[in-house]
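*Asks:* In the working numbering, the protein residues as written are 202 to 313.
Beta carbons are placed, not taken as given, at the ideal position from N, Cα and C, and that holds for glycine.
The model shown is predicted, which means the values in this text are computed figures rather than measured ones.
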C-alpha cells in the first residue's frame with residue numbers, strides 16, 4: 202500500500218514531521234509520536250504482510266505490522282507496532298478525503 206510505504210520511507214529518512222502528517226485523527230500527541238522514533242540512533246522500519254480487511258459501521262480497516270530496528274543507547278533495539286488503516290465506504294455524506302486510506306492509529310506491542 203502506497204500510504205504505508207510513504208510513511209516508512211519518511212521514518213527511515215528521519216522526516217518525522219512529514220510522517221506525522223500522514224496520521225489520521227487518532228494520532229497520538231506529537232511528543233509521544235516522536236518519542237517512539239527519536240531514541241534510535243539509526244532507524245530501519247519495515248512492513249510485514251497486511252492482514253485481512255475488516256468492515257465495521259461503514260468503514261474498512263486494514264492492519265499492517267511494522268518492525269523498527271536500529272541502535273538505541275549504543276545497543277541493538279527493536280520495537281513492534283501495527284499500523285491501523287481506515288477508509289470510509291462510499292456512503293451518503295462521506296467526503297472524498299474519508300474515502301481514501303489513512304493511518305488511523307498505531308498500536309505498539311512492546312515498551313519503548
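So residue 305 is in the alpha helix (DSSP H); what residue range does that whole segment cover?
*Replies:* Careful: residue 305 lies outside any alpha helix (DSSP H), inside the beta strand (DSSP E) at 303-309.
*Asks:* My output table needs one value for residue 298: the three-state DSSP class, helix, strand or coil.
*Replies:* DSSP places residue 298 in coil when its eight states are reduced to three.
*Asks:* Check residue 291 in the structure and name its three-state DSSP category.
*Replies:* Three-state result, residue 291: coil.
*Asks:* Would you call the region 203-212 and the region 235-246 in contact, with 3 or more CB pairs under 8 Å?
*Replies:* These segments touch.
*Asks:* What separation, rounded to the nearest whole angstrom, lies between the Cα atoms of residue 236 and residue 300?
*Replies:* The alpha-carbon atoms of residue 236 and residue 300 are separated by roughly 30 Å.
*Asks:* My output table needs one value for residue 220: the three-state DSSP class, helix, strand or coil.
*Replies:* Note: residue 220 maps to helix in three-state DSSP.
*Asks:* If you follow the beta strand (DSSP E) that residue 243 is part of, which residue opens it and which one closes it?
*Replies:* Taken as a continuous stretch (DSSP letters only), the beta strand (DSSP E) holding residue 243 covers 243-248.
*Asks:* Along the chain, where does the beta strand (DSSP E) containing residue 251 start, and where does it finish?
*Replies:* Counting along the chain, residue 251 falls outside any beta strand (DSSP E), and DSSP gives it neither H nor E.
*Asks:* Just tell me which of 223, 218, 297 has its CA closest to the CA of residue 203.
*Replies:* Closest by alpha carbon: 223.
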